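Student: Numbering (my numbering), first residue to last: 19 to 132.
Here it is: the structure, laid out below.
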């Protein structure tokens, strides 16, 4: 599973059960986020015991993107047997605040800011 454009890339490493996001997600509206939503839904549907989102190199995420991540976290939360880890960077300003909000949606979510 991989999505690659000029501005961003997202791929899933099935060995480490990690979805890696890089670049800048400034897509306009849910329609443009549809391929990313599809990738994330396929990931949940495969039901791995643990899902890690590595966002450490995701420099920008607009409100539509945060909405996509929020819905994804809720989707994972509904699969009670699944664990979730979100890895972020303290050096990217939006991540500290926005990623902490994901924990409100899924209290068992592990947030790792480095």
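Where a beta carbon is used, it is the ideal one built from N, C-alpha and C, also for glycine.
Quick caveat, the model's predicted, so the values are computed rather than measured.
Between the Cα of residue 125 and those of 109, 106, 111 and 98, spot the shortest distance and give me the residue it belongs to.
Tutor: The residue labelled residue 125 in the question sits at position 107 within the chain shown. Out of 109, 106, 111 and 98, 98 has the C-alpha closest to the C-alpha of residue 125.
Student: Does residue 128 pass the burial test, meaning 16 or more other C-beta atoms within 10 Å, or should it be called exposed?
Tutor: For the purposes of this step, residue 128 is identified with residue 110 of the chain shown, where counting begins at 1. Under this definition residue 128 is an exposed residue.
Student: Assuming residue 71 and residue 104 make a contact with CB atoms under 8 Å, what is their CB distance in whole Å?
Tutor: Reading the chain shown from its first residue, position 53 is the one you call residue 71. Reading the chain shown from its first residue, position 86 is the one you call residue 104. 5 Å between Cβ atoms; contact.
Student: Would you grab the beta carbon distance between residue 88 and residue 120 for me? Rounded to a whole angstrom, and I think it's under 8 Å.
Tutor: Here the question's residue 88 lines up with position 70 in the chain shown. Here the question's residue 120 lines up with position 102 in the chain shown. Sure, about 7 Å apart at Cβ, within 8 Å.
Student: Please list, in chain order, all residues of the same chain as residue 92 whose beta carbon is under 6 Å from its beta carbon, the five residues on each side excluded.
Tutor: As a first step, residue 92 is located in the chain shown; it is residue number 74 there, counting from the start. Once the five neighbours on either side are set aside, the close Cβ partners of residue 92 are 123.
Student: Report whether the distance from the Cβ of residue 56 to the nearest heavy atom of the ligand FMN is below 7 Å.
Tutor: The model depicted lacks the ligand FMN and carries no ligand whatsoever.
Student: Of the choices 66, 24, 52 and 73, whose alpha-carbon is the least far from that of residue 39?
Tutor: Indexing the chain shown from 1 puts residue 39 at position 21. The option with the nearest alpha carbon to residue 39 is 73.
Student: Hey, residue 21 and residue 54: beta-carbon distance below 8 Å or not?
Tutor: Taking the first residue of the chain shown as 1, we reach residue 21 at position 3. Taking the first residue of the chain shown as 1, we reach residue 54 at position 36. Against a cut-off of 8 Å, the Cβ pair of residue 54 and residue 21 comes out as a contact.
Student: Within its chain, find whatever has a CB closer than 8 Å to the CB of residue 112; leave out the 5 residues flanking it on each side and keep chain order.
Tutor: Here the question's residue 112 lines up with position 94 in the chain shown. Correct list, in chain order: 78 and 79.
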